[in-house]
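Below is one structure, written out as structure tokens; comments come after it.
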Amino acid sequence: MKKEEIYFNTRSMILTNLKIAYRNLIRSKGYSFINIFGLAFGMAVTILLLLWVSFELSWDKFYPNTNNLYQVVCRQTWDGAKHPMPNLPGPLIDVLKEKYPEVKMAANVNTWGQSVLKKCDGFEQNIHINHVDPNFLKLFSIKLLRGDATTALNDPRSIVLSEKMAKVMFENDDPIGKILTIDNKTALKVTGIMENPAENTILKFSCLVPFELLRMDNEGLRTSWGNHSYFGFAEVNEGVNVDSLNKKLNNFFVNHVEKTDSLRSLFLFPVSKVHLYFFDGSEKVMKQVKLFSIIAIFILLIACFNFMNLSTARAAKRAKEIGLKKTVGASRGRLIAQFMGESLLVTFISMNFALIFAKLLLPYFNSMMDRNLQFDYSSVQFWLLIVGVTLVTGILSGAYPAFYLTKFRPINVLKGNTSRGKGGARFREVLVVLQYSLSIALVVCTLVVSLQIRYLQKMDMGMDIHNVVSVPLTGTFREKHDVIRQQLLEDPSIQSVSYGAHMPCNVYYNGWGNEWEGKDPNYNPLVSYTIGDYNFLKTFKIQMAEGRYFSEEFEKSDSTAIVINQTFAKMVSKGSVIGMIIKNNGTNYHIVGVVKDFNFTHISNKIGPLMMYSSGGSLDYMFVRVNPNNKGKANATIQRVCSLNNPDFPVNSIFVDDYLSYMYKGDQKSMTILLYFSVLALIISSLGLIGLASFMAEERTKEIGVRKIMGASVTSLVSLFSYDFTKWVLLSNIIALPLAWYFMKGWLQGFAYRIPMPWWVFAAVAAFVFVIAFLTVSYQSYRAASQNPVISIKYE
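One point on numbering: in the numbering used here, the residue at position 246 of the sequence shown is 279, and numbering is uninterrupted.
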């Protein structure tokens, strides 16, 4: 056969198969609609989720030297366990660079604190100022659009701005050489404009200032090894075995700080893993990545199961076509290729709708996930994702139907015997069970997660954070804090004013080495520290368990007084702790009171030991309790009084409960999107059940007519056919609920404070899904059973 004839025959065959596929789609519009849009919704969700997964996995993997970039982590020992922390002493990085030749370069980074950056002509905005060593730009290959990266941060009083920040401050003016001030006192010259930081990086810096500026203000940074407040990053030389280097760094503090300092050690942690994992190697964002990947797979499988169910159920409709083609010489392989082609065609059509749906849903998805994901049509990775999802869906959906349909024997088909036996029916039953098992498990798990998060948000924290406004202290605020307090209290809508070192739900100062009488020398708990003035407990309505709180009446003696929480009191003594001495950093503090436990960190954490001082550190926040019925007036007073006494700095007030809500914003978003996708999975499953029930009712039309003539009632027929489907939904519940119980029990164990397993959720979901399935099947059965039996018997 000539090449031209082979080409013509192949082309003709492909066109014929396409026509047949098209006619089949048009002939069965209802089933085609379910197939196409079931797959489309499943693929749209899969695309969105995999787009997010791909983005999360890409964090900090775009640097030329990514494989050699590490964050320097300090491993500290307390409570008999080792705890990795990214906070480092000020002198550490310089010693690391000097003593370890494996380290090519390293840089200090200060990420805490917020300053007011003020332009000379009056512009002001609260932003984060990040202090870094000059080689930070080279370490992370940060490109300067203006200025010289090798010298931009050499002068301690220089500053490098991101392109976006420069635009905000200077609009279209040339920023190079302009003078900016920090906290209205330190003048800095703009020496460079850098590219805007990528969205997928932990280093979202908009203003870089030399780390040397911190050292000029705090000489202790050059010598103090006890203040762990700064971050460090390093690049190792090509070919360095990091595991071997980490073994050497295990003795860093013993070799370079103090021979007896065996409670601290160092190790390097890959920068590309910081976003996904905690420093102890446990999963952080990676948990969400895996969870959403599983959900994407589940939803795609559910959509594919619909396709397989309807394809195998409608096998009899294609039986004569298959028998004739086999009779005239068509091989099974060619028939399989034809049906796989039809499956891919349906999948291709579905993918076009899926892209439209995904594009329409993307803004809402971004809002829920707090991301700015885009469809980058010029990206090879994007098209690999689309083509990959299309092929996997097409092959997965079409493989079993293709092999199943082509098993028919021509002689049996042409005699009119298209019985498929129990194999195909059993397979469809398995798919229905799998579909509903996945859907039920997703819904149950989502509701349990939702209840746990809501429990944490509504849990009694041991203090009242509602109707309390916090104001960060800037400029001359600290010097005038008594005057500001007095002026605020003149307004009857303001109930109390206090000052503290931290947000009460975010205390992050801690340490160990406290001593007290009777303490086990091997017992070394990590204790958190905070400062609260005389009105702190009154403002937050924290209760005393024993003794007293700080008071102006005891101002002199309270300079060495501490108040501890109940958790710490139980560690110190089984009896009363009032009057006992706690030795901290060489100073003896006497305990004057014990407060009832309150959550001073993330509410998912167990309450740890806490020491409270009335002085001796920096007060960074003002807290104002306002009348809940007159918040507007109280806020106006706060703005007016603060602006009057601290005119060079804007007033940035926020309600403490809003701050807490922001802390749990990520959990809330994850819960919402899980709920949406779980419901969608259930809808897709029900859509498939509608199609399958409709087809089965159509297939048994003649049987229904005979039964009605023999005296069967509509109710009995509906019950008969509904039972055939709902029994499999019941089986799905039996499979899904124990699995969901098992996994949720393990998940809840990760919370110090958790809900009891909500059995009623399992019962409610099981009942709800059963009712939905029963109504779906019953409706289709009722339609078939209500037809005139004479017409039903004549049905072909």
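Beta carbons: idealized from backbone N, C-alpha and C, even for Gly.
Going by DSSP, A140 is part of the beta strand (DSSP E) stretching over V136 to N143. Distance from the CA of T380 to the CA of P122, rounded to the nearest whole angstrom, comes to 58 Å. With a 10 Å radius around the Cβ and a threshold of 16 neighbouring Cβ atoms, M492 comes out exposed. Closest in C-alpha terms to K629, from the list T507, L708, N621 and M496, comes M496. Cβ-Cβ distances below 8 Å link T593 to T620, N621, Y622 and H623 in the same chain, with the five nearest sequence neighbours on each side left out; the list follows chain order. Judged by DSSP in its simplified three-state form, A185 adopts coil rather than helix or strand.
A straight line joining the alpha-carbon of L301 with that of W793 spans about 47 Å.
Of all C-beta pairs linking the segment 546–555 to the segment 573–590, fewer than three are shorter than 8 Å, placing the two stretches out of contact. Residue pairing for E316: DSSP places it in a beta bridge opposite Y310. Taking 8 Å as the cut-off, the Cβ atoms of P167 and L484 do not count as close.
In this structure the segment 411–428 touches the segment 378–394; the number of beta carbon pairs closer than 8 Å is three or more.
Separation of the CB atoms of V269 and N101 is rounded to 5 Å, and the pair is thereby assigned contact status at 8 Å.
With a cutoff of 8 Å on beta-carbon distance, G565 and M645 are scored as near each other.
Here the alpha carbons of L221 and S191 stand approximately 5 Å from one another. Here V482 has M704 as same chain residues with Cβ atoms under 6 Å from its own Cβ, once five neighbours each way along the sequence are excluded.
Going by DSSP, M655 is part of the beta strand (DSSP E) stretching over Y654 to V659. According to DSSP, H499 shares a beta bridge with no other residue. Contact between the segment 706–715 and the segment 327–335 is present, with at least three C-beta pairs closer than 8 Å. For L753, the closest of Y812, A669 and N251 by C-alpha to C-alpha distance is Y812. Under a 10 Å Cβ-count criterion, K359 is classified as buried, with 16 or more other Cβ atoms of the shown protein chains found around its own Cβ.
Each of C478, R787, D276 and T423 was checked against the Cα of A336, and the nearest Cα belongs to T423.
The C-alpha of H261 is placed about 58 Å away from the C-alpha of L763. Contact check for S561 and P642: beta-carbon distance about 7 Å, within the 8 Å limit, so the pair qualifies.
In the three-state reduction of the DSSP assignment, V684 falls in the coil class.
Relative to W85, the option among L177, T219, K607 and L418 whose CA is nearest is L418. Three or more beta-carbon pairs separated by less than 8 Å are not found between the segment 86–93 and the segment 288–295, which leaves the two stretches without contact. When C-alpha distances from M319 are compared across H308, R740 and F312, the shortest belongs to H308. Straight through space, the alpha carbons of L83 and V466 are spaced by roughly 26 Å. Sequence-distant partners of C675 (beyond 5 residues in either direction) whose C-beta falls short of 7 Å from its own C-beta, in its chain, are V504, I517 and V684.
Note on the segment 565–653: whole beta strand (DSSP E) runs with a minimum of 3 residues are 577–580, 594–598, 614–617, 620–628 and 643–646, in chain order. If you check the CB distance, T144 and D188 do not come in under 8 Å. Annotation note: the segment 197–274 contains the following uninterrupted alpha helix (DSSP H) runs of length 4 or greater, listed N- to C-terminal: 245–250 and 253–256.
Excluding sequence positions up to five before and after S148, its CB lies within less than 6 Å of the CB of I162, I215 and D216, all in the same chain and listed in chain order. Residues of the same chain with a CB within less than 6 Å of the CB of H116, apart from the 5 flanking positions on each side, are Q109 in chain order.
For R740, the secondary structure class from DSSP, reduced to helix, strand or coil, is helix. A straight-line Cα-Cα distance of about 16 Å links L715 and A773.
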